[in-house]
Amino acid sequence: MRPRLCFLGTGNAVCMNGRGQAATWFEDASGALLLDCGPSFMAHANRFGVDLARLDAVAITHFHGDHLAGLPFLLMHFQGIDRRTRPLHLLGPAGLRRHLDALCALMYDGWGLPFELRVHEWDPAGPLAPWDDPRWVITPAAMRHKPESLGFRLQTAETVVAYSGDTVLCPELFALSRGADVLVVECTLPTPIVPIHIHARELVEALPDLHARRVAAIHTDDATAANAAAAGPDGQLPAGLFFPADGEVWEL
Ligand SMILES: [Zn+2]
Numbered sequence: 000m001r002p003r004l005c006f007l008g009t010g011n012a013v014c015m016n017g018r019g020q021a022a023t024w025f026e027d028a029s030g031a032l033l034l035d036c037g038p039s040f041m042a043h044a045n046r047f048g049v050d051l052a053r054l055d056a057v058a059i060t061h062f063h064g065d066h067l068a069g070l071p072f073l074l075m076h077f078q079g080i081d082r083r084t085r086p087l088h089l090l091g092p093a094g095l096r097r098h099l100d101a102l103c104a105l106m107y108d109g110w111g112l113p114f115e116l117r118v119h120e121w122d123p124a125g126p127l128a129p130w131d132d133p134r135w136v137i138t139p140a141a142m143r144h145k146p147e148s149l150g151f152r153l154q155t156a157e158t159v160v161a162y163s164g165d166t167v168l169c170p171e172l173f174a175l176s177r178g179a180d181v182l183v184v185e186c187t188l189p190t191p192i193v194p195i196h197i198h199a200r201e202l203v204e205a206l207p208d209l210h211a212r213r214v215a216a217i218h219t220d221d222a223t224a225a226n227a228a229a230a231g232p233d234g235q236l237p238a239g240l241f242f243p244a245d246g247e248v249w250e251l
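Below you can see the structure in the form of structure tokens.
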């Protein structure tokens, strides 16, 4: 199997135009990694047919609900449907285990997972050493959105994928992106509205300096995609920039 990305949720918290919340699925011959797990994840994973049994690790960028709140339902699936027994790796900012435990306890009683959750947390202010699996290297970088926000750079023998999570344009994002085969980047806003996200025109203008072979804009909606096109040459998206739909698959 060639490495590939499946965009399971290209929307943001409010799911405009029916887009699901943050969930990007990476897989290759060795297994699968989920980048963020919004509350619509299980619906879209089933709808678009990813094989959840292949999932090895989930990487969470920050503690907003549209990136985190699908996790209890995923764990419930592994507990009651898949009857998973092998460990699941969970990667993210410091406090992830505590927040997940609180969220699960609030939602349902009687957890007791039949498999081990191996949690790896990074403090964005501390050393950000890579998580080194024999197959993949996942390197976090501090992003600018919430104090705990991280982006991730995934390197395998075959490809490099950079994933911004939520952020503004910042030097850390340009460093994360440089040389990636694909940058999956948030583009939340049609125009500048709140200063914690990227908007359409600035993403188009920043594109040459991101130095990624392809850029997938997610955490978005159709109006933002239209504004990005309007900012491009001849009213089209510039070469290399795409707004994938939910369920779209990219071979890498
Ligand atoms: Zn956020």
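The sequence shown maps to residues 0 to 251 in numbering that gives the first Met the number 0.
From the three backbone atoms N, C-alpha and C, an ideal C-beta is built for every residue, glycine too.
None of the values given here were measured: they were computed from a predicted structure.
Euclidean distance between Cα positions of residue i and residue j
i	j	result
L149	R143	8 Å
P189	A229	11 Å
L240	R213	6 Å
C14	D208	29 Å
R1	T158	10 Å
L33	Y162	11 Å
R96	L87	13 Å
P113	H76	12 Å
R152	R117	20 Å
C169	R82	42 Å
L54	G234	40 Å
D27	T155	9 Å
S29	A22	20 Å
D100	Y107	11 Å
F270	R200	Residue 270 lies beyond the residue range present for the chain, which begins at 0 and ends at 251; the question has no answer from this structure.
R177	D65	27 Å
F72	P194	31 Å
P92	T9	22 Å
E115	G94	18 Å
I137	M41	24 Å
C103	D35	17 Å
A58	L90	5 Å
A224	A44	24 Å
L175	L105	35 Å
C186	G19	15 Å
A179	D132	19 Å
Rounded Cβ spacing between residue i and residue j (contact assumed at less than 8 Å)
i	j	result
H218	N16	Wrong, their Cβ atoms sit about 13 Å apart, outside the cutoff.
F47	V160	Contact doesn't hold; Cβ gap of about 18 Å is too wide.
L251	L4	7 Å
P139	W110	Not really, about 27 Å apart at Cβ, beyond 8 Å.
I197	V184	7 Å
P237	G231	4 Å
W130	H119	6 Å
P126	E147	Actually they do not touch by this definition, with Cβ atoms about 15 Å apart.
H61	D165	6 Å
G69	G37	5 Å
F242	A216	5 Å
V203	A227	5 Å
E171	A128	Not quite, the Cβ-Cβ distance comes to about 16 Å (not below 8 Å), so this is no contact.
First through last residue of the alpha helix (DSSP H) which encompasses residue i
i	result
H76	L70 to G79
T223	D221 to A230
G64	G64 to L67
Assigned secondary structure, residue i (DSSP; H/G/I helix, E/B strand, else coil)
i	result
G19	coil
H98	helix
C5	strand
L34	strand
F40	helix
F47	helix
L240	strand
D131	strand
D27	strand
Check: residue i C-beta below 7 Å from any heavy atom of ligand 2
i	result
H43	In the structure shown, ligand 2 is absent; the only ligands present are ligand 1.
Residue interval of the beta strand (DSSP E) (run including residue i)
i	result
A58	L54 to A58
G91	L87 to P92
W249	V248 to E250
H218	Where H218 is concerned, there is no enclosing beta strand (DSSP E), given that its DSSP letter is neither H nor E.
E120	L116 to W121
Test: residue i CB closer than 8 Å to a CB of chain D
i	result
A104	Protein chains in the displayed structure number just one, and chain D is not present.
What beta strand (DSSP E) runs, 3 residues minimum, are completely inside the stretch 140 to 210?
-> Residue ranges of uninterrupted beta strand (DSSP E) with 3 or more members, entirely inside the stretch 140 to 210 and ordered along the chain, are 149 to 154, 159 to 162 and 181 to 185.
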